[in-house]
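**Q** After the structure tokens below, expect a handful of questions from me.
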Amino acid sequence: APAPAAEPAPAADLNPGRAYLAGRRQKRRTAEDAWQAATRTAARLTETAGTLAVDRVAHRPQRGDLAGRAPGTNVSNDTYLVPAQRVDDFRTRVLAAAEGLPGVHVEVTGPWAPYSFALPPEPAR
1447 APAPAAEPAP AADLNPGRAY LAGRRQKRRT AEDAWQAATR TAARLTETAG TLAVDRVAHR
1507 PQRGDLAGRA PGTNVSNDTY LVPAQRVDDF RTRVLAAAEG LPGVHVEVTG PWAPYSFALP
1567 PEPAR
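According to the working numbering, the residues represented by the sequence shown are 1447 to 1571, in order.
Structure (structure tokens):
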């Protein structure tokens, strides 16, 4: 997710308590706007990836060291089942969909064994 903007300067015509609260509201609003932009971007990337994938599994977004080295917050952690002949196109189009978006870092890895798509056996009848 994009990094929130710097904390705004308190309004000069407010007393210190009101200025503090106004600054907190603005900071919360800025963070919410950044989160909404990030989730819209994730949805756009999911739509782009979905046109080339056979299946998709959404995993819980990673936190801490598992999220990688890029700054910000991981808002999407998806696995796609992509036919071998579409892998290069998949990588190119997903990365292009995120190109030029400030604060957005997309990582496409793989191929990996399709463990996310393995289903448990049917119960015996």
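Glycine residues also receive a C-beta, built at the ideal position from the N, C-alpha and C atoms.
Small disclaimer: the values here were computed from a predicted structure and weren't measured.
1) Which residues in the same chain have their Cβ closer than 6 Å to the Cβ of A1504, if we skip the five residues on either side of it in sequence?
2) Using 8 Å as the threshold, is the region 1479-1488 in touch with the region 1461-1469, meaning 3 or more CB pairs across them?
3) Using the beta-carbon count (16 or more within 10 Å), is F1536 buried or exposed?
4) How about W1481 and V1540: do their beta carbons lie closer than 9 Å?
5) May I ask you to list the residues that DSSP assigns as paired with R1502?
6) Around the C-beta of V1550, are 16 or more other C-beta atoms found within 10 angstroms, so that it is buried, or is it exposed?
7) For A1499 and V1528, which I take to be in contact (beta-carbon distance under 8 Å), what is that distance rounded to the nearest angstrom?
8) Under three-state DSSP, which class holds P1462?
9) Apply the 10 Å Cβ neighbour rule to Y1561 and answer buried if 16 or more other Cβ atoms are within range, or exposed otherwise.
10) Between T1494 and A1559, is the Cβ-Cβ spacing less than 9 Å?
11) Rounding to the nearest angstrom, what Cα-Cα distance links Y1526 and K1473 in this structure?
12) Check whether the Cβ atoms of A1530 and P1557 lie closer than 9 Å to each other.
13) G1496: which of E1568, A1570 and R1532 sits nearest, CA to CA?
**A** With the given structure in hand:
1) D1524
2) no
3) buried
4) no
5) Y1526
6) buried
7) 5 Å
8) helix
9) exposed
10) no
11) 35 Å
12) yes
13) R1532
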